[in-house]
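Per this note's numbering, residue -16 is the first one in the sequence shown, and the count goes up by one each step. The C-beta atom is built at its ideal place from N, Cα and C for all residues, glycine as well. Quick caveat, the model's predicted, so the values are computed rather than measured.
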Amino acid sequence: MINIKPIIYKKLKEVADNVTDTYPQDWENFPVIIYLEEENKPYEITDDTEQMSYLRYKVDIFHNDSTSELAVAIDEIFASLGLKRTSSVDTPDPTHLRHKVMRFEGILDLNSRIVYQYRMEG
């Protein structure tokens, strides 16, 4: 198992001030970015040791303005880490804020730190 959440947090803080991996305390300062590790599981085990981990992250962007520019910046951050965007969806929000949900994933070799991808169809 590997923990890259501190790296993700540091990079997200470069594009927004209000970044958290829990429910935000601050809904006054926009944009709000919530990032969660949805999956971190063994992908390949040899000799009883995890060699590769499957990682998936969810990013919620809340803004009182457009989320598009920030979504592009966040996509670039995750791409720089080798993680591929698998979803980016505008989501209706009852608070009338703009809300975009993005997901990123990859298979990380724990020894070489190379990130691999599933073959995606369509």
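Query                                                                                              : Result
Cβ-Cβ separation, L66 to L38 (assumed contact under 8 Å), whole Å                                  : 7 Å
Simplified DSSP state of T20, which is helix, strand or coil                                       : Note that residue 20 is Glu in the sequence shown, not Thr. Looking at E20 - three-state DSSP - the assignment turns out to be strand.
Beta-carbon spacing of D43, I60 below 8 Å                                                          : no
Cβ pair Q34, D73 closer than 8 Å                                                                   : no
Cβ neighbours of V2 in the same chain (closer than 6 Å, five flanking residues each side left out) : L(-5), K(-4), I16
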